[in-house]
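In what follows, a single structure is set out as structure tokens and then discussed.
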Amino acid sequence: MQRRGLLGIESLSREQIQQILDRAKFYQPLQARTGKKLDTLRGKTIIHLFYESSTRTRTSFEIAAKRLGADTISISAKGSSADKGESLLDTLNTLAAMRPDAIVMRHSASGAPNFLARMLETPIINAGDGSHEHPTQALLDALTILDHRPSLAGLRVAIIGDIVHSRVARSNLHLLIKFGAEVVLCGPPPMLPREFECFSPSVKLTFNIEEAIADADVIMMLRVQFERQNAPLIPSENEYFRFYGLRLEHLQAARPDAIVMHPGPINRGREISSEVADFPRSVILTQVENGIAVRMAVLDLLLAEPRL
Ligand code: NCD
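Numbering (the working numbering), first residue to last: 15 to 322.
Put into structure tokens, the structure is as follows:
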């Protein structure tokens, strides 16, 4: 991992990803303890700057920072000077002038954190940029899969939904391929451009949900990202659910121990039925829980002083 921050999975090596996952495994048991607060990042200040809505990512980054003993400040675009016409770069330069140790940011523009990382000394941690990357989501997803499987190599992972707009799909794709998993991407044609096949020979595309799920070890469902569509890509939500919504009967075609994942927020009855969301092998809340350990690991590796 670069000392300058965490921008995406694409630029990380397998070894760097493994290092984060190993550190996250070290932090996982902390969740079960009563005294959760450590002093690893005591004296550090982390700014969380969110230009897009977030429940899980924002809260878990803040909890992770606080559990490591850092001071945190949280800013939403609404209520900041972005409302008064200040440019993104000016806002970031202003925050950087207050000498935080890192800025965790989410923005609707793909590439915004990469641009800012070139302009600023302060390490930038990408909490999701447009349809580009969401690195900590892919890391927490990998950690969750590894709670159920000894390794990612050789697994068949089906990612189903609005692939074209999903930063979660892109970051997962980069990570899973680096570790030798086979990825099947599935969605309606306007949400599944052919270019995705160019990612790697281990990526397969299908418009058919049954085909995607057949023999899958992991089924990862995605929300339809209406906020990123200029014109509607699907005729109706009911029709979408009929062809691409995950229902209990689909799971018979998967491996008997297959797990169901979703980055959240879930829309019951749109991309996933309530029965599947609450199904014993649905690990959606474990993903949320693992988000803390992964974000603690990232903050620790980026910001903690070297230890003996
Ligand atoms: C995702 C995101 O914001 O990219 N959510 C998350 O971070 N857990 C997925 C989504 O919004 O659908």
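Glycine included, each C-beta is placed from N, C-alpha and C at the ideal position. All values derive from a computational prediction rather than experimental measurement.
DSSP beta-bridge partners of residue i
{"i": "C200", "result": "I174 and T220"}
{"i": "I233", "result": "A172 and V274"}
The ligand NCD heavy atom lying under 7 Å from the CB of residue i
{"i": "Q239", "result": "yes"}
{"i": "R295", "result": "no"}
{"i": "R184", "result": "no"}
{"i": "T71", "result": "yes"}
{"i": "H148", "result": "yes"}
{"i": "S68", "result": "yes"}
{"i": "G10", "result": "The question about residue 10 has no answer, for the chain in this structure spans 15 to 322."}
{"i": "Q151", "result": "yes"}
{"i": "R181", "result": "yes"}
heavy atom of the ligand ATP below 7 Å from residue i C-beta
{"i": "G278", "result": "This structure simply doesn't include the ligand ATP; it includes the ligand NCD instead."}
Entirely within the segment 16-97 and at least 4 residues each: give me those alpha helix (DSSP H) ranges in chain order. 28-41 and 70-81
In chain order, which continuous runs of the beta strand (DSSP E) of length 3 or greater are located wholly inside the segment 107-188? 116-121, 138-143 and 170-174
At 3 residues or longer, and completely inside the segment 245-297: list those beta strand (DSSP E) runs for me, N to C. 273-275
Okay, do the segment 141-156 and the segment 251-266 touch, 3+ Cβ pairs below 8 Å being the bar? no
Does the segment 191-199 come close enough to the segment 297-314 that 3 or more CB-CB pairs lie under 8 Å? no
Tell me whether the segment 164-181 and the segment 102-113 touch, counting them as touching only if at least three CB pairs, one residue from each stretch, are closer than 8 Å. no
Under 8 Å, with one C-beta from each stretch per pair, do the segment 75-90 and the segment 29-39 reach the 3-pair mark? no
With contact counted as at least three CB pairs below 8 Å, one residue from each stretch, are the segment 274-285 and the segment 233-242 in contact? yes
Within the chosen definition, does the segment 259-270 reach the segment 306-313 through at least 3 CB pairs nearer than 8 Å? no
Three-pair Cβ contact test at 8 Å for the segment 54-68 versus the segment 112-120: yes
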